[in-house]
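Read left to right, the sequence shown gives residues 2 to 151 (the numbering used here). These notes are about the structure you will find just below.
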Amino acid sequence: MIDGDTIEIHGRRIRLWGIDAPESAQLCRNDDSNLYQCGRAAATALAGLLWAIKRPVQCTSVDRDQYGRTVATCQLGTPGPDIGQWLVANGHALDWPQYSKGKYENAQHGAEKANRGIWAGSFVEPWQYRACVKAGGRPAACSDDSDGRR
């Protein structure tokens, strides 16, 4: 596990298709409006899932990204739960409709309705956070957008 939406299998980095988790340095606000490390929380949740299930990860390659990583849908075992869907359903990642075409939209609505993970407070979408940092913003400032979700 590299971060909340990237795993490594036998030395090969795999970016989970159709989802976007908070970046490693990204901060979110919890239900008490306190900042917390939501990027780390997403990575910890993914690591916990992989450790708890203890089944082999099966991935189906979809594409390659700009960093040379394989982009894939991955399951725990065959058949097994879709890792991306689990992350979205538990509020550790967002459906990324630019790529997923809404595949995980229902899972995201469930997480939002139940206030799971990042949906318990407020956050900046990971793609907006990355754009802010790329434009020269400081990670803490890019994390704390007054127009954040929720």
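We put the CB at the ideal spot given by N, CA and C, even for glycine.
By alpha-carbon positions, which one of the options ends up nearest to residue i?
i	options	result
P82	H110, L47 and K102	L47
D145	P23, L95, R117 and W87	P23
Q109	Y68, K135, A132 and W87	W87
A141	N35, Q76, L50 and V58	N35
What does a CB cutoff of less than 8 Å around residue i pick up in its chain, not counting 5 residues either side in sequence?
i	result
R41	S25
A121	N31, D32 and G92
Can you tell me whether DSSP reads residue i as helix, strand or coil?
i	result
E24	coil
R14	strand
S101	helix
Y37	strand
What distance in whole Å lies between the Cβ atoms of residue j and residue i, which are believed to be in contact at a cut-off of 8 Å?
i	j	result
R14	I3	6 Å
C60	T74	7 Å
W128	D21	6 Å
R117	D66	With 8 Å as the limit, R117 and D66 do not qualify as a contact, their Cβ atoms being about 27 Å apart.
A18	G111	Here residue 18 turns out to be Trp, not Ala, going by the sequence shown. That pair is no contact at about 20 Å.
I119	V58	With a Cβ gap of about 24 Å, I119 and V58 do not count as contacting.
In chain order, what residues of the same chain lie with their CB nearer than 6 Å to the CB of residue i, ignoring the 5 residues before and after it?
i	result
D64	V72
For residue i, does the count of other Cβ atoms within 10 angstroms reach 16, so buried, or fall short, so exposed?
i	result
Q99	exposed
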